[in-house]
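Inspection log for the structure reproduced underneath, given as structure tokens.
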Ligand code: HEM
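Residue numbers (full-length UniProt numbering): 1 to 541.
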């Protein structure tokens with residue numbers, strides 16, 4: 001019995017030993033594999049990172065820590081790395097990609113000057129092909145010679161700049177845009193009863209119609225509500241998947257269907273020659289430029305979808321944040337209204353029904369508080385992305401001596417440029433997180449604004465946004481018309497403070513602004529003022 005007991009103990013002991021060795025090897029093998037993989041990745045990172053490159057950060061889990069950092073820190077990752085390490089430029093190693101993140105402004109200038117070797121064109125070409133679904137021939141035209149000043153995008157930029165600069169073509173766009181905004185407000189602000197709307201959706205509709213009327217005239221395809229719906233609800237919402245390129249036909253099916261509907265409408269627009277009577281100078285320039293490059297008309301129609309991204313995807317959130325900050329703080333609204341009434345509004349003589357004329361010229365040139373408010377929106381909310389360039393050849397970056405390797409991306413986040421801790425800057429210090437609508441005013445209150453050249457919302461250098469005059473004027477005039485004509489307040493139970501913008505990664509697609517995390521339902525009440533905008537095309541911006 002004892003023998004049986006001891007042999008069973010022996011069996012149990014050896015069974016236990018077998019189990020524990022099984023358990024330990026169950027853990028040991030993956031653990032060992034993890035350690036080996038980890039050491040290999042550390043070695044890989046170390047061996048493939050040249051000491052002359054900008055210092056690598058977030059290396060604790062090679063290639064994965066930057067991804068995890070972006071997911072958890074979102075757009076704030078870049079300011080936190082700047083504040084923690086203070087490097088002028090650093091490297092983030094992602095799977096299959098190195099990104100040089102730039103903090104120092106003087107390096108940004110050097111990058112913008114190196115157009116032959118640090119180019120935006122391949123990024124544009126790749127994004128256009130992925131998002132717009134252009135044909136092979138067009139993709140080849142767009143991808144050709146990205147470092148040359150004769151590449152497709154560089155030539156286009158030169159051609160479009162004059163028609164979007166102050167002058168007759170821009171004036172024609174302004175005229176249509178302001179008229180559309182004003183007539184729409186006339187139609188809506190009639191009843192003394194508050195109208196309930198979702199603020200972002202409402203602004204999106206107003207700005208979309210004003211912007212597309214300016215571009216396409218009477219036959220504007222966006223006048224059809226189903227096209228506007230296709231644009232926003234279906235096409236734009238699928239952009240991240242289209243750009244990412246992972247199974248777009250499955251994961252962004254609705255977006256692709258909506259895009260094809262938009263493309264067909266633009267094709268009809270050209271084929272029925274609506275551009276001849278109603279197209280802006282920019283529409284004509286795009287058509288001419290593409291035809292001269294040998295692109296089929298169908299791809300020019302696709303290009304119009306891309307153009308709409310350029311002129312809507314920024315102006316809509318920009319207008320949202322301007323109205324948000326104006327109405328969320330009663331002092332801002334009061335100051336803006338007082339300034340407009342003092343400098344830009346005249347009561348009509350022969351009228352006893354509260355009719356006024358808004359002198360658009362004065363809104364654009366004689367209302368520094370409103371202008372400063374819009375610029376503060378650019379600074380505080382215009383941090384949704386930054387300058388991106390592709391490195392076309394191994395090179396040293398300007399006088400800094402840093403080695404940049406072919407194939408990498410260079411990224412200068414706007415959040416870093418717009419929120420300085422360095423006290424020598426135009427704005428800086430502890431209050432740079434705060435919205436101050438008077439920040440850009442001159443100390444003596446007169447003249448233009450101060451410190452605006454450090455803003456990066458419209459990019460810089462050779463690819464400085466050519467649409468900035470139109471965009472700025474649209475934001476200023478929209479804000480002026482709404483400020484004078486409407487009171488806006490959140491519906492009961494909601495508050496301005498409920499609007500957050502924490503979900504953005506700061507890697508926006510064709511948008512430099514942070515997007516609000518959710519819409520806000522508001523009540524709009526007419527102030528009773530009737531405003532007729534008068535536009536005399538004399539001003540400069
Ligand atoms: C607040 C509104 C806007 C913002 C923040 C904005 C921002 C930008 C930025 C940052 C770039 C340069 C990208 C780079 O080089 O890195 C750009 C390019 C451009 N933008 Fe704008 N934009 C706005 C509105 C507009 C409007 C209203 C138009 C047209 C009427 C427009 C037309 C263009 C064009 C044609 C380009 C050149 C694209 C190229 O280089 O091929 N933008 N924009």
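For each residue, glycine too, the CB sits at the ideal point set by N, CA and C.
Item: Segments assigned beta strand (DSSP E), at least 3 residues, entirely inside the segment 307–358; Value: 345–347
Item: C-beta contact flag for residue 494 and residue 520 at 8 Å; Value: yes
Item: Near the ligand HEM: residue 157 beta-carbon under 7 Å from a heavy atom; Value: yes
Item: Test item: CB-CB of residue 330 and residue 441 under 8 Å; Value: no
Item: Euclidean distance between Cα positions of residue 512 and residue 313; Value: 9 Å
Item: Which of helix, strand or coil DSSP assigns to residue 6; Value: Caution is warranted here: a pLDDT of 47 is assigned to residue 6, below 50, making its placement in the model unreliable, and no coordinate value can be reported.
Item: Close Cβ partners of residue 435 (< 7 Å) along its chain, the five nearest in sequence each way excluded; Value: 325, 376, 380
Item: Nearest-angstrom Cα separation, counted from residue 338 out to residue 58; Value: 50 Å
Item: CA-to-CA distance, residue 530 to residue 257, given in whole angstroms; Value: 42 Å
Item: Beta-carbon spacing of residue 217, residue 265 below 8 Å; Value: no
Item: Whole-angstrom distance between residue 45 and residue 535, CA atom to CA atom; Value: 59 Å
Item: Reduced DSSP secondary structure (H/G/I, E/B, other) of residue 531; Value: strand
Item: CA-to-CA distance, residue 343 to residue 526, given in whole angstroms; Value: 22 Å
Item: Start-to-end residues for the beta strand (DSSP E) that takes in residue 524; Value: 521–526
Item: CB-CB length for residue 479 against residue 370, believed under 8 Å; Value: 6 Å
Item: Inter-stretch contact at 8 Å, needing at least 3 Cβ pairs: the segment 145–158 / the segment 109–118; Value: yes
Item: Helix, strand or coil at residue 486 [DSSP, three-state]; Value: strand
Item: Simplified DSSP state of residue 536, which is helix, strand or coil; Value: coil
Item: Chain-order list of residues whose beta-carbon lies under 6 Å from that of residue 289 (same chain, five-residue window excluded); Value: 156, 159
Item: Cβ pair residue 317, residue 509 closer than 8 Å; Value: no
Item: Coil, strand or helix - residue 91 by DSSP; Value: strand
Item: Contacting residues, own chain, Cβ-Cβ under 7 Å from residue 432 (five flanking each side not counted); Value: 419, 420
Item: Segment contact flag, the segment 265–276 with the segment 214–233, C-beta cutoff 8 Å, min 3 pairs; Value: yes
Item: Residue 311 CB to nearest heavy atom of the ligand HEM below 7 Å; Value: yes
Item: Contact test: residue 164 Cβ vs the ligand HEM heavy atom, cutoff 7 Å; Value: yes
Item: Paired residues, beta bridge with residue 119 - DSSP; Value: 390
Item: For residue 293, three-class secondary structure by DSSP; Value: helix
Item: Alpha-carbon spacing of residue 6 relative to residue 71, whole angstroms; Value: For residue 6, the predicted model reports a pLDDT of 47, less than 50, meaning its position is unreliable and no value from the coordinates is stated.
Item: Pairwise C-alpha distance: residue 124 and residue 169; Value: 26 Å
Item: Residue 116 beta carbon near the ligand HEM (any heavy atom closer than 7 Å); Value: no
Item: Three-state class that DSSP yields for residue 198 in the structure shown; Value: strand
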